[in-house]
Amino acid sequence: GIKHTTIDKNVCRLGGGGAGGAGTPVGDPGAAGVADGLGLYFNGTGAGDNTLPLDNTLIAANLATPAPGSTLVLHDSADVRGVIASGGHNLIGNPFGGSGWVSSGVPRDLLGTAALPLDPRLGPLQNNGGETPTQAPLACSPAIDAGSDCVGCLALDQIDQPRPVLVTAGVSSGKGSDIGAYELQSYPSVAAVALSITRLTTGNGVMIAWPASSCFILQQSPTLDPPDWENNTN
């Protein structure tokens with residue numbers, strides 16, 4: 015099985031269809047490829063011994079780029095494909111195409127949707143210590159303390175830090191380890207968040223700013239209707 019693993023920001027380029035057959039005019043080109051399970055693809059049946067146990071694992075933000083002349087379809091951006099034997103405590107950005115998730119009760123998985131994938135809020139792949147690059151959870155990451163209490167599981171994270179370490183700060187308060195390969199060892203102290211709204215010196219715009227350690231997320235909507243709100247990636 016897979017435990018305490020982070021699979022994030024992999025990119026798969028769809029293959030283009032081959033050239034058409036001989037003739038005048040030439041035959042139609044082959045169909046463009048598709049991409050399924052850009053983070054994890056399991057082709058087993060999910061029955062009996064043909065299963066893939068998955069727990070305390072983070073799979074999110076895995077992307078596909080379209081083949082020339084083709085367009086992406088919904089499942090092309092799915093993070094997981096196949097029948098998974100979830101043990102709970104997984105964070106899956108876009109679970110479309112996968113099944114076997116624990117969506118209620120305790121333990122359960124944290125699941126986004128195809129329309130609104132769950133953002134794990136991870137830092138860049140960099141040297142955070144140890145022998146391999148890692149992605150540490152940023153402030154307000156839903157992965158913080160959302161894993162299991164690690165009784166009988168891996169006692170060290172990817173860079174040999176102890177697990178679990180409860181940071182229990184603000185919205186990141188939890189009872190278990192962090193989901194994924196990295197275990198956060200400390201958290202910024204909680205303080206009042208100062209939201210700054212400043213009118214620009216030119217035009218009619220305003221600038222809204224807040225500390226990176228806060229949990230504010232800027233959203234935008236063309237209609238102001240609840241279903242149309244989207245996180246502003248800028």
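For this note's numbering, add 14 to where a residue sits in the sequence shown, where the first one is 1. Just so it is clear, CB atoms sit at the ideal spot from N, CA and C, and this is done for glycine as well. Values in this document were obtained by computation on a predicted structure and should not be read as measured data.
Item	Value
Separation of G190 from S162, as counted between CA atoms	5 Å
Straight-line Cα distance separating P147 from T71	17 Å
S113 in three-state terms, based on DSSP	strand
Backbone CA spacing between T59 and V97 [nearest angstrom]	7 Å
8 Å Cβ cutoff met for I158 and N76	no
Other residues of its chain near I231: CB distance less than 7 Å, five sequence neighbours each side excluded	N245
Alpha-carbon spacing of D192 relative to S118, whole angstroms	19 Å
Helix, strand or coil at S191 [DSSP, three-state]	coil
Residue closest to V116, alpha-carbon to alpha-carbon, out of S200, G101 and T212	G101
Extent of the continuous beta strand (DSSP E) to which G35 belongs	Premise fails: G35 is in no beta strand (DSSP E) and is neither H nor E.
Q233 burial status per 10 Å Cβ neighbour count (16 or more: buried)	exposed
Nearest-angstrom Cα separation, counted from S91 out to D26	For the sequence presented, residue 26 should be read as Cys rather than Asp. C26 and S91: Cα-Cα distance of roughly 9 Å.
Where the beta strand (DSSP E) containing A6 begins and where it ends	For the chain, the structure presents residues 15 to 248; residue 6 sits outside this window and is missing.
Span of the beta strand (DSSP E), counted from its first residue to its last, around V220	V220 to A223
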